[in-house]
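Asks: In mature numbering (1 follows the signal peptide of the UniProt record, and there is no 0), the protein residues as written are -19 to -1, 1 to 121.
Where is the CB? At the ideal position from N, CA and C, for every residue including glycine.
Right under this line is the structure:
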């Protein structure tokens, strides 16, 4: 009887902590490194990029541009499809058109995930994201 009571006290906090955590990929991610086989821009300008993942839906920003898409991921393989969203009528944004970042995201076929980092990679590029927050999906 004592082992069962002891195990319930030991496992109860662990199970409560696990129940409150969102799915591993769900979250807010900031791009920290982007390496690609494509030619580099002459300016060396590196726009900020942020990625929001919620239940297989992607959205985010790259510089002044925004994008939306889907993510299918399992067993370290990934299929990502994102498209840039049109900017507001009074905004001119060079990152609102499909470019190197969008192509690299769409070309990603594999990923690795740790508690704080998400790495998407393909034969041509590697994108390293750092977790900046969690997203809890809404229950329907």
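Which residue or residues does DSSP assign as beta-bridge partners of residue 60?
Replies: DSSP lists 53 as partners of residue 60.
Asks: At what residue ranges does the segment 71 to 104 contain a whole run of the beta strand (DSSP E), taking only runs of 3 or more?
Replies: Counting whole runs of 3 or more residues, the segment 71 to 104 contains the beta strand (DSSP E) stretches 91 to 94, 98 to 102.
Asks: Just to confirm my understanding: we take residue 57, look at its own chain, exclude 5 residues before and 5 after, and list those with CB closer than 7 angstroms. What are they?
Replies: Excluding residues within five positions, the ones whose Cβ falls inside 7 angstroms are 91, 92, 93.
Asks: Going by DSSP in three states, residue 44 sits in which element: helix, strand or coil?
Replies: If DSSP states are grouped into helix, strand and coil, residue 44 belongs with coil.
Asks: Rounded to the nearest angstrom, how far is the Cβ of residue 28 from that of residue 50, given a contact under 8 angstroms?
Replies: Not quite, the Cβ-Cβ distance comes to about 18 angstroms (not below 8 angstroms), so this is no contact.
Asks: Give the secondary structure of residue 68 by DSSP, where H, G and I count as helix, E and B as strand, and everything else as coil.
Replies: Three-state result, residue 68: coil.
Asks: Going by Cα to Cα distance, which pick from 87, 101, 59, 71 is closest to residue 48?
Replies: Ranking the options by Cα distance to residue 48, first place goes to 87.
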